[in-house]
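K.L.:
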Amino acid sequence: MTDFAARLERVARNPNILKQLSRGVERETLRYNPDGSLATTPHPQDLGSAYTNEWITTDFSESLLEFITPVSHEVDTLLGQLEDIHHFTQTKLGEESMWPLSMPCYVSDEDDIQLAQYGSTNSGRMKTLYREGLKRRYGSLMQIISGVHFNFSFPDEFWDVLYGEQDENARQESKSDSYFAVIRNYYRLGWLIPYFFGASPAICSSFLRGRDTKLPFENIGQTLYLPYATSLRLSDLGYTNSAQSALKIGFNSLEQYLEGLNRAIRTPSQEFAEIGVKVDGEYHQLNTNVLQIENELYAPIRPKRVAKSGEKPSEALGRGGVEYIEVRSLDVNPYSAVGINEDQVRFLDLFLTWAALSESEPMNDDQLQCWRRNWKSVVVEGRKPGLELQQGCGGEVITLQAWAKRVFAELKLVAKQFDQALGDETYQQVCEKLESWIDDPELTISGQLLRDTKKLGGLGKVGTQFGAEYRLKNLAHDYRVYSAQLMEQEVVRSSQEHQELEAQPQGDFDQFLADYFSYLKS
Numbered sequence: 000m001t002d003f004a005a006r007l008e009r010v011a012r013n014p015n016i017l018k019q020l021s022r023g024v025e026r027e028t029l030r031y032n033p034d035g036s037l038a039t040t041p042h043p044q045d046l047g048s049a050y051t052n053e054w055i056t057t058d059f060s061e062s063l064l065e066f067i068t069p070v071s072h073e074v075d076t077l078l079g080q081l082e083d084i085h086h087f088t089q090t091k092l093g094e095e096s097m098w099p100l101s102m103p104c105y106v107s108d109e110d111d112i113q114l115a116q117y118g119s120t121n122s123g124r125m126k127t128l129y130r131e132g133l134k135r136r137y138g139s140l141m142q143i144i145s146g147v148h149f150n151f152s153f154p155d156e157f158w159d160v161l162y163g164e165q166d167e168n169a170r171q172e173s174k175s176d177s178y179f180a181v182i183r184n185y186y187r188l189g190w191l192i193p194y195f196f197g198a199s200p201a202i203c204s205s206f207l208r209g210r211d212t213k214l215p216f217e218n219i220g221q222t223l224y225l226p227y228a229t230s231l232r233l234s235d236l237g238y239t240n241s242a243q244s245a246l247k248i249g250f251n252s253l254e255q256y257l258e259g260l261n262r263a264i265r266t267p268s269q270e271f272a273e274i275g276v277k278v279d280g281e282y283h284q285l286n287t288n289v290l291q292i293e294n295e296l297y298a299p300i301r302p303k304r305v306a307k308s309g310e311k312p313s314e315a316l317g318r319g320g321v322e323y324i325e326v327r328s329l330d331v332n333p334y335s336a337v338g339i340n341e342d343q344v345r346f347l348d349l350f351l352t353w354a355a356l357s358e359s360e361p362m363n364d365d366q367l368q369c370w371r372r373n374w375k376s377v378v379v380e381g382r383k384p385g386l387e388l389q390q391g392c393g394g395e396v397i398t399l400q401a402w403a404k405r406v407f408a409e410l411k412l413v414a415k416q417f418d419q420a421l422g423d424e425t426y427q428q429v430c431e432k433l434e435s436w437i438d439d440p441e442l443t444i445s446g447q448l449l450r451d452t453k454k455l456g457g458l459g460k461v462g463t464q465f466g467a468e469y470r471l472k473n474l475a476h477d478y479r480v481y482s483a484q485l486m487e488q489e490v491v492r493s494s495q496e497h498q499e500l501e502a503q504p505q506g507d508f509d510q511f512l513a514d515y516f517s518y519l520k521s
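192 is the number that numbering that gives the first Met the number 0 gives to position 193 of the sequence shown; each next residue is one higher, with no gaps.
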């Protein structure tokens, strides 16, 4: 019996473990007008304060909504929460709708993209200034690409089975080591996610305005596409930062990761220094380092811990170790009114559990770059017949299909244990469905979307048609987990909390920033 099979068997002896996975979703979506153009209205007051609302906030722009579910153990509950949030939001948007694609709708002028506003508190002003820095560094168009983030953790019983009884410090170290093992396996084989679920094989030509690319685009009117692309959102055209490519942040341990991250936020950038920090009395960015703050690190997966008030993400990780992982490589699913569906959640359950139970050797930076090259191949030409990937630096060359089927041989074993624990065959059915997508790449979401883009005559027509359908579907939705009263209460509560924060003395903003970044001098 392999080590993987032995670990899986131990976990399967306690069926409760696979019923107690913790999941949460963060979904981004642009507000847009009936004609398909970006909405330029402020964040609706009827949704409460974007600064303090528990479920509904904004990301980069006033028009870029972000929905956040709490942690739940049931897939149906998770999706019910997300559907309820979408329903409530749509009732407050008037004629505006929510864009159903990752790549932005038509933007006539980047100045139409208004930075998200969080009020006059010093911390609220800092949030907006951080976005000002992103705008000046990378441009606003890149920042309004939408995605779905999937937060995931295992229950305590999972660690009990794998490690037995441990004191608190040993358990914390074991969990962190295991989550970093998951992250390494994610870099090795996580390209399965954009292969199956990538949903950005095409972009609006306005997105390329003023940008050079050597990619051999074909066009459908004003839509540019690559015939075999899966997720241009994850490509060099999308949500990336070339300045970060030189950062060598390792994933072999929590200590190595934090050391790399802390080095990165202290690394000066000559390019960003040319922007300036405070020019003629106006702030342009938070600082001139490669990363203004830790959140600027673009990664397909992150180790996370819930931070205490005033605590930075790295400080939270250093204090308590890894608590959960955040999967960040999901495009918005255009075939779901809420951007993600049940099959995707269940596949992520399977894949992340498999990644935790499988061997995960340490990797150096050269090896990490090899794995990243596989990702690049899959996001740009993942549906290409016979596409070959490399199993590590100097390793065996293998077709995507052959490698995926090797992984699925073990994923199906995990699926069987999930189904035995839950008393149905749902997970095995997901495996069976996705395995057919390995054999026929046109069944993948990117394949379906490119077919519909050609059929309807462009990405804008796809977005407006699907968006109109989902607007009606979200409006007609009946609450499944929350209630109108509960959602309205959060609007009132968040608005009151924000008003109370604004009423407190703030002090000098320059000094606030100096105090916040004093750690960079240590």
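Using N, Cα and C, we set each Cβ at its ideal position, and we do this for glycine too.
With distances taken from CA atoms, which of Glu94, Gly446 and Asp235 is nearest Tyr334?
P.N.:
Taking the first residue of the sequence shown as position 1, residue 334 is located at position 335. With distances taken between Cα atoms, Tyr334 lies closest to Gly446.
K.L.:
Can you grab the Cα-Cα spacing for the pair Ser60 / Ala263, in whole Å?
P.N.:
On the sequence shown, residue 60 is found 61 positions in, with the first residue counted as 1. On the sequence shown, residue 263 is found 264 positions in, with the first residue counted as 1. Annotation: Ser60 to Ala263 spans about 26 angstroms, alpha carbon to alpha carbon.
K.L.:
Helix, strand or coil: which one does DSSP assign to Ala355?
P.N.:
The sequence position of residue 355 within the sequence shown is 356, counting from 1. Of the three classes helix, strand and coil, the one that applies to Ala355 here is helix, per DSSP.
K.L.:
How big is the Cα-Cα spacing for Val147 and Lys415?
P.N.:
Looking up residue 147 in the sequence shown gives position 148. Looking up residue 415 in the sequence shown gives position 416. Straight-line Cα distance between these residues: approximately 27 angstroms.
K.L.:
Tell me the rounded alpha-carbon separation between Leu316 and Pro299.
P.N.:
Numbered from 1 along the sequence shown, position 317 holds the residue referred to as residue 316. Numbered from 1 along the sequence shown, position 300 holds the residue referred to as residue 299. One C-alpha to the other measures close to 18 angstroms.
K.L.:
At the level of alpha carbons, what is the spacing between Gly118 and Glu360?
P.N.:
What you label residue 118 is simply residue 119 of the sequence shown in a count that begins at 1. What you label residue 360 is simply residue 361 of the sequence shown in a count that begins at 1. Near 47 angstroms, if we compare the C-alpha coordinates of Glu360 and Gly118.
K.L.:
What residue from Ser234, Phe179, Ser173 and Gly189 has the CA that sits closest to Ile202's CA?
P.N.:
Taking the first residue of the sequence shown as position 1, residue 202 is located at position 203. Looking at the Cα atoms, Ser234 is the closest of the given residues.
K.L.:
Measuring CB atoms only, is the stretch 110-124 touching the stretch 174-189, in the sense that at least three cross pairs come out at less than 8 angstroms?
P.N.:
Output reads no: the stretch 174-189 does not touch the stretch 110-124.
K.L.:
Just confirm the distance between the C-beta atoms of Ile192 and Leu329, as a whole number of angstroms; I'd bet it's less than 8 angstroms.
P.N.:
For this step, residue 192 is matched to residue 193 along the sequence shown. For this step, residue 329 is matched to residue 330 along the sequence shown. Yes, Ile192 and Leu329 are in contact; Cβ-Cβ is about 7 angstroms, under 8 angstroms.
K.L.:
How is the beta strand (DSSP E) around Cys203 delimited, first residue to last?
P.N.:
Residue 203 sits at position 204 when you count from the first residue of the sequence shown. Ala201 to Cys203 is the span of the beta strand (DSSP E), which, as asked, contains Cys203.
K.L.:
Does DSSP put Asn473 in a helix, in a strand, or in coil?
P.N.:
On the sequence shown, position 474 is the one that residue 473 refers to. In this structure, DSSP gives Asn473 a helical state, which the three-state scheme calls helix.
K.L.:
Check for me: the beta strand (DSSP E) holding Leu498 runs from which residue to which?
P.N.:
As a working mapping, residue 498 is identified with position 499 in the sequence shown. Note that residue 498 is Gln in the sequence shown, not Leu. It is not in any beta strand (DSSP E) - Gln498 instead sits in the alpha helix (DSSP H) that spans Ala483 to Ala502.
K.L.:
So, does the stretch 354-373 touch the stretch 417-427, judging by three or more C-beta pairs under 8 angstroms?
P.N.:
no
K.L.:
Going by C-alpha to C-alpha distance, which of Pro302, Ile444 and Val429 sits closest to Tyr185?
P.N.:
Your numbering for residue 185 matches position 186 in the sequence shown. It is Pro302.
K.L.:
When you compare each of Gln269, Phe151 and Leu37 to Leu64 by their alpha carbons, which one comes out closest?
P.N.:
Stepping through the sequence shown from its first residue, residue 64 is reached at position 65. When each option's Cα is compared against that of Leu64, the closest is Leu37.
K.L.:
Would Leu223 count as contacting chain B if we go by Cβ distances under 7 angstroms?
P.N.:
The question asks about chain B, but that chain is absent: this structure has only one protein chain.
K.L.:
Taking a contact to mean a Cβ-Cβ separation below 7 angstroms, would you say Arg130 touches Ala115 in this structure?
P.N.:
Taking the sequence shown and counting its residues from 1, the one referred to as residue 130 is at position 131. Taking the sequence shown and counting its residues from 1, the one referred to as residue 115 is at position 116. Yes, they are a contact pair.
K.L.:
Going by DSSP, name the residue or residues bridged to Thr56.
P.N.:
Taking the sequence shown and counting its residues from 1, the one referred to as residue 56 is at position 57. For Thr56, which the question treats as bridged, DSSP gives the partners Glu65.
K.L.:
Does the contact criterion of 3 or more C-beta pairs under 8 angstroms hold for the stretch 247-266 versus the stretch 285-300?
P.N.:
Segment contact: the stretch 247-266 against the stretch 285-300, three or more CB-CB distances shorter than 8 angstroms; contact assigned.
K.L.:
Mind checking which residues open and close the alpha helix (DSSP H) that includes Glu258?
P.N.:
Taking the sequence shown and counting its residues from 1, one reaches residue 258 at position 259. Counting along the chain, the alpha helix (DSSP H) containing Glu258 begins and ends at Leu253 to Ala263.
K.L.:
Between the stretch 20-30 and the stretch 77-88, do at least 3 Cβ pairs fall closer than 8 angstroms?
P.N.:
yes
K.L.:
Could you give the uninterrupted runs of the beta strand (DSSP E) lying entirely in the stretch 4-50, keeping only those of 3 residues or more?
P.N.:
21-31
K.L.:
Excluding the 5 residues flanking Tyr426 on each side, which residues of the same chain have their C-beta closer than 7 angstroms to its C-beta?
P.N.:
Here residue 426 refers to the residue found at position 427 of the sequence shown. These residues qualify, in order along the chain: Arg345, Leu349, Ala414, Phe417 and Asp418.
K.L.:
Do Arg22 and Phe151 have their C-beta atoms within less than 7 angstroms of each other?
P.N.:
For this step, residue 22 is matched to residue 23 along the sequence shown. For this step, residue 151 is matched to residue 152 along the sequence shown. Against a cut-off of 7 angstroms, the Cβ pair of Phe151 and Arg22 comes out as a contact.
K.L.:
If distances are taken between C-alpha atoms only, which option among Tyr297, Gln171, Asn168 and Gln284 comes closest to Arg232?
P.N.:
Looking up residue 232 in the sequence shown gives position 233. Closest option to Arg232, Cα to Cα, is Tyr297.
K.L.:
Near Gly275, which residues of its chain fall below 6 angstroms by C-beta distance, leaving aside the five closest residues on each side in sequence?
P.N.:
The residue given as residue 275 occupies position 276 in the sequence shown. Correct list, in chain order: His283.
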